[in-house]
Each structure stands twice: as C-alpha cells, then as structure tokens.
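Asks: Here the working numbering is used: position 171 in the first sequence is 176, and no number is missing along the way.
Take a look at this one; I'll ask things after.
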Amino acid sequence: MKQSKAFIPTLKEVPADAVIPSHILMIRAGMVKMLSAGIYSFLPLGYKVIKQITEIIREEIDAIGGQEFHLPALNPREIWEETGRVEAFGDTMFHIKNRDYVLAPTHEEIMTFHAKGILKSYKELPQIWYQIQTKFRNEARPRSGVIRGRQFLMKDAYSFDKSFEDLDVSYEKHNKAYRKIFDRCGIKYFVVGASSGAMGGSKSEEFMVRSDAGEDTVAHCEKCGYAANIEVAQSVIESVPRHEESKEIYEISTPNVKSIDELCDFLKIDERETAKSRVYICNDEPVLALISGNEEINETKLEAVLGAPVRPGRPEELKEISGADAGSIGPIGFKHRIIADLRLKDGNNLYSGANKNDFHIGGIDLKRDVPNIEYFDLRSVESGETCIRCGEKLEVFKAIELGHIFKLGTRYSEAMGANFLDVNGKDHPLVMGSYGIGVERVLACYIEQHYDDKGIIWEGELKPFDLHIVSLNIKNEDVRRESNKLYDELTAKGYSVLFDDRANVQAGFKFNDADLIGVPLQIVVGDRGLKENSVEVKIRKSGERTKVNLDEIYSKIEDLVKEAG
RNA sequence: CGGGGUGUGGCGCAGCCCGGUAGCGCGCUUCGUUCGGGACGAAGAGGCCGUAGGUUCAAAUCCUAUCACCCCGACCA
C-alpha cells in the first residue's frame, strides 16, 4: 500500500473530545472517525485491523464447529415481545418510527427463531451458530470512543444442545476458543466468574481487560487467577479482636462529633474500635447495617443479603427511626433489624452512636448487648487484602468486559417454543448457551495495552502491516529506485507492506507518522545510507535501529519479522 | 436521567466579562529554497461564530429557548 495514495489521515494534535489512549490513538492514526456520539466510521486502516480480528474469531469458532450466519439488524418488534425483552431492554432498544421494527441489540431471539421447528431431532444436536455483525443499543451515555458505542460490532454465538450436560461441553469449547482468540490477539486478559442470577442460567464468565476506562470494578489475584466483580468479591480479613474482658456500656458526650474520623480523634481511639452505622430502607422497613471503622457498605452485597433493593434512609427519616440524626446512630436501643459485617463478629469494647444526638456509647459487646444481630459479608474488597484462594495480595481495579460466555438454559427456547424430540420421541426445549465478543473492544483494548508516547505499537496477528518502508526524500533518484525495488520484492515475497512514498513530506514528519501508526518494523531508506549500500531497520517496540546492507536485507527482514512477530 | 463543561475555517484554540462586522497555530493550494525526527520565504483559498428567536442603530459578544458533543455519576451487559 503506497501511502501517497492511501487514506490514512493522521493527526498531530490530540483531538479535544478523546480522553483515553486507545481513543486518542485510533483517531490520530487515522483508523476511525466519529460520526455522532457513540457512532464511528472505521477508515481503511482501522477496518483492516478489525477484519483481522474477525478472521481470528472465525477461525477459532469454526474450529469448534461454529457455523456463521448473516442476520437482519432490522427485526419485527413482536419477536422481541415473545420473550419479554422489549420491556427488559426499555429505552436501550432502538425503535423504528415509521414501521413496527426494532434495531437488534443482540440476537438470541432471531437465532432461536431459526432453530424453532427446524432443529427438530436430538440427532441434529449440538449446533453452534454465530454471526459477526453490528448491534444497536441506545446507550444513555456513550463513552471512551469505540468501547461503549450506540452501534458496535459483536461476535455472538449460540449453542443448542439436547441436555445441560451437553451444554457444559459446548460452553467449555467456547471457553477454550475464547482463550485462544484473545491470546492470538495479544491481549492480556483475565476471567471473572459471575453468578448469572435471575436469568435462569447456571454459569457465566466474563473475559476482562484491566483498564482505567473500564466500567466494572474487579478484584484480581495475579498469582492464582482469582477474579471477581467487586459486587461479589471476597477477601481474607482479620476480624476485630475480642478482648478478654468486656467493659460495661457507658455513654459519652461527644458534641459535634459526626464522622468516624472525628470520633477517633476525639476519643483517641483506633477506627477498629468503632462500629459505623448506616440505616437502609428495604421493603419499607429500616435496617441498621454496622461496619467496622470507616469502611464502606457494599450495597450490592447488602441487597443480596436482604433479597430486595435498598436505599439509604433519608436524613429526615433517621430521627424518627432511631431517635438521632446521622452521625449519632448505633445498635444500642435501635428498635429494628440489625445486621453487621463479618469483620465485627462478636466484637466487644466497641464505640458507636447512642441514638441520641451528640452522644456515643462505649463498651459495647455485640454478643452481649445486641443479641439479635446477624452477620454477613457486607464490605467491599480493597487493594492489598489477602486472596481467599491462595493468600497472596489482591488488587482492585477497573476493567473492560471483552467477552462473555453464558449458559442460557431454556429461557429463550421455552418462551419461543423451540423444541426438539429426544430418543423417546418426547418434546424438550433446546438447551442454549450464548457467547459474545465485542470486536471493537478487542481493538481498543489491544491499543490500551500496546502504546507509548509516540503512538501505537503493533505486534503479532493484529498488525495492519508487516513492514513500513519509510523513504526519505523520494525525489532523490537512488532513494526512489531502491525503495520501489524493496517494496515490489517484499510484497512479492508475501509481506504486507506500507510504503511511505510521499513526496514533499519531511523526514521528521514521516518518522512520526510511522511511529504513530506503529507497524512493527520500519525500513528507512535515505540517500545517506544508500551511499554505503545500506538501509536502516527500526524495531518500533524497542526503538532499536540497525544498519543493514542491501545485500542481506531480505534474510535480515525474514529474521526480524519472525522475531518481532 | 442528575451534576459539570464546551460549541468560532479540516484540526487545536483566542476573542465574549466591557456589543462596533473575526484572529492565531497546525493543515490545505501555488512558486521558490530546503530535505535523517513534525523546515523556511512569498503569495493564496477557506468561517452567515451550533441553531432559532429576542434586545439594540449595531450581536461571536447581552437575554431566552433549543440542539450537539465531552467529563463525573446513575442506569445498562
């Protein structure tokens, strides 16, 4: 590809609207251009990489028996009514104004529609069907470039099995295929097990990539691979000590002391000697949640414990419920349900609010003084805490969900009546799995993990080109002749080559463009080197440059391509 | 949806407070010089200042409405 003819509109300046590295670099390298919020055009360079990603996905899904479909994005609304998902998606689903169609946000219903009445016998199972197509979701807030868009390219596969045991097999095939796909893409990822909850599915796992631009917070153990969403993550933590001797309860005047910090300051005590109170309303009933010191209650865990949504009590309600305002509430004399974080289990000699403004109580023994207390895991895991599985340190960080494999079960087949006949001629709903990959996210995540201050650094299978010939001063006849010769021969040898043959572009400009685009190997052809019959080969990743005699350039390139991938 | 911010040439921005008919850098066109890490000179092209109303002799600038985009949060997979 000759750059003088290629449409690769690189940008020197950082676009005002882009914030995260991958977004900035994709725009600057001329890979994408935004059309509207969350809607991007892929320009030739970006699309080239996208095609390579989808090719890897195709190979690996085909290898486990997948068959590719091409499905409509425009769907009759009624098919989505059958499974109740028009309501479930709500405003996230795009509706067509002048006909009763919706734009498909995913394709469970459509695949199930095709299975229905056609996959009639257990003999035809299992099937793995997939597609790589654009999905539409009316995201309230698109962000981070291509990572959360209103339309996005997704590979989604669906498996159809005759039993849950067979589903396990299909699921495991995808699990392995996904690892191969992301490994081949050169992405560092980890797998988070997620309990799939109310969807009726039994198991789901998310393939995640660490990134500040992520929308999920996870706890991860580098050593043993334990990974969990912060909403369910656990760690080994020390409970507050139970002292030999339990003191008697006593009231302390604590004027204007509201926060735990203020309380510790005022009484010259450690935060572990305190129990913080938060009042939540659940099913219109107040619940007092106690947590050690200044830790935060994890509301998702709380909701799981209580089995219903919660909301923090409003300031004006608190006095009515407890007799005091926030900052002076505590378990002693609290008339409603009391639950506490495990860390506080059987703690004694604790300080907490007195349910009387400007007073706290000391000498609290939860075992003695709060007999109805219940203990649960209510706190969020924090970085540096101990892994429950291997004892190493956990890290807590943001992550992007790249892929999701999910045992659906019969939710869709039952709702839509997609049944098959077993050996005995008996009707059963197809047992389904669904497996998604955000294709553009793969690209964005790759860049998030492979860049420096100059630009993108391509390696491995995703690289848009093997080689970048950078010809300095192509008006010089020797340079022109040798560059063209190199370009023709390297292309003939089967390398994909980007050739910066632009006249009237300064050397520095070309170097910077080449670093920005990030092809792994640059071959710099200039008259200076040609006088010694040599060109310079630069490895983009290390910045290392070597003079190579033209006589041995092809063998050298062969070695370097192998090395640099 | 709540909070904050921004809309001025292809890109990045100044001008707005204090109204007087639009400017800078990059990019683009032509010519010349240059030519190994984003060159230099000269001459050009390109904007009804997001949109719609209003105030005023006069609006990029003041007022109102509206739209778009970005960030934080909520929501979502």
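Even glycine gets a Cβ: it sits at the ideal position worked out from N, Cα and C.
All values reported here derive from a predicted model rather than from experimental measurement.
1. Output needed for aspartate 483: all residues of its chain with C-beta closer than 8 Å, excluding positions within five of it in sequence on either side, in chain order.
2. Identify which residue in Val524, Phe364, Lys567 and Val566 has its Cα closest to the Cα of valine 54.
3. Run the CB neighbour count on proline 255, radius 10 Å, all protein chains shown included, and call it buried at 16 or more, exposed below.
4. Assign tyrosine 485 to one of three DSSP states: helix, strand, or coil.
5. My output table needs one value for glutamate 290: the three-state DSSP class, helix, strand or coil.
6. Considering only the beta carbon of each residue, do tyrosine 135 and aspartate 173 sit closer than 8 Å?
7. So the candidates are Lys7, Ile343 and Phe99; which of them puts its Cα closest to the Cα of proline 110?
8. How about asparagine 353 and serine 282: do their beta carbons lie closer than 8 Å?
9. Quick one: what's aspartate 132 bridged to in DSSP?
10. Please state the DSSP three-state secondary structure of valine 174.
11. Okay, do the stretch 417-427 and the stretch 453-462 touch, 3+ Cβ pairs below 8 Å being the bar?
12. Compare the C-alpha of glycine 89 against each of Ser418, Asp506 and Tyr356 and name the closest.
13. Nearest-angstrom Cα distance between arginine 82 and tyrosine 106?
14. How far does the beta strand (DSSP E) with alanine 145 in it extend, from its first residue to its last?
15. Thinking C-alpha only, which one of Phe470, Ser27, Phe411 and Phe12 is nearest leucine 48?
16. Hey, alanine 190 and isoleucine 61 are a contact pair by Cβ (cut 8 Å); roughly how many whole angstroms apart?
17. If you check the beta carbons only, do isoleucine 479 and alanine 508 fall under 8 Å apart?
18. Specify, as a first and last residue, the run of the beta strand (DSSP E) that glutamate 253 falls within.
19. Taking all protein chains shown into account, decide if threonine 611 is buried (16 or more other Cβ within 10 angstroms of its Cβ) or exposed.
20. Taking 6 Å as the limit between beta carbons, can you name the residues of its chain near alanine 449, skipping five residues before and five after?
21. Just grab the DSSP bridge partners of histidine 225 for me.
22. Can you tell me which of the three DSSP states cysteine 392 falls into?
23. Would glycine 230 be called buried (16 or more neighbouring beta carbons within 10 Å of its own) or exposed?
24. Measure the CB-CB distance between methionine 6 and leucine 503 and report whether it falls below 8 Å.
25. Give the straight-line distance between the Cα atoms of glutamate 549 and valine 542, rounded to the nearest whole angstrom.
26. Reducing DSSP to helix, strand and coil, say where glycine 89 ends up.
27. Hey, is the stretch 313-320 in contact with the stretch 272-288, meaning 3+ C-beta pairs nearer than 8 Å?
28. Can you tell me where the alpha helix (DSSP H) with glutamate 322 in it begins and where it stops?
29. Given this structure, state the Cα-to-Cα distance separating valine 19 from glutamate 243, to the nearest angstrom.
30. Taking DSSP's pairing of strands, which residues face phenylalanine 504 in a bridge?
31. Please report how far the alpha carbon of histidine 119 lies from the alpha carbon of glutamate 406, in whole angstroms.
Replies: Let me spell this out:
1. Asp532 and Leu535
2. Val524
3. Reading off the sequence, residue 255 comes out as tyrosine, not proline. So tyrosine 255 counts as exposed.
4. The residue asked about is misnamed: residue 485 is arginine in this sequence, not tyrosine. Three-state DSSP puts arginine 485 in a helix.
5. strand
6. no
7. Phe99
8. no
9. The amino acid occupying residue 132 in the given sequence is glutamine; aspartate does not appear at that position. Its beta-bridge partners are Phe165.
10. helix
11. no
12. Ser418
13. 5 Å
14. Run containing alanine 145: none; DSSP gives neither H nor E here.
15. Phe12
16. For the sequence presented, residue 190 should be read as cysteine rather than alanine. Contact flag correct, Cβ pair sits at about 6 Å.
17. yes
18. Careful: glutamate 253 lies outside any beta strand (DSSP E) and carries neither H nor E.
19. For residue 611 there is no data in the structure shown, the boundaries of the chain being 6 and 570.
20. Ser27, Val151 and Ile152
21. Ala232 and Glu400
22. strand
23. exposed
24. yes
25. 8 Å
26. coil
27. yes
28. 320-327
29. 48 Å
30. Lys7 and Ile474
31. 28 Å
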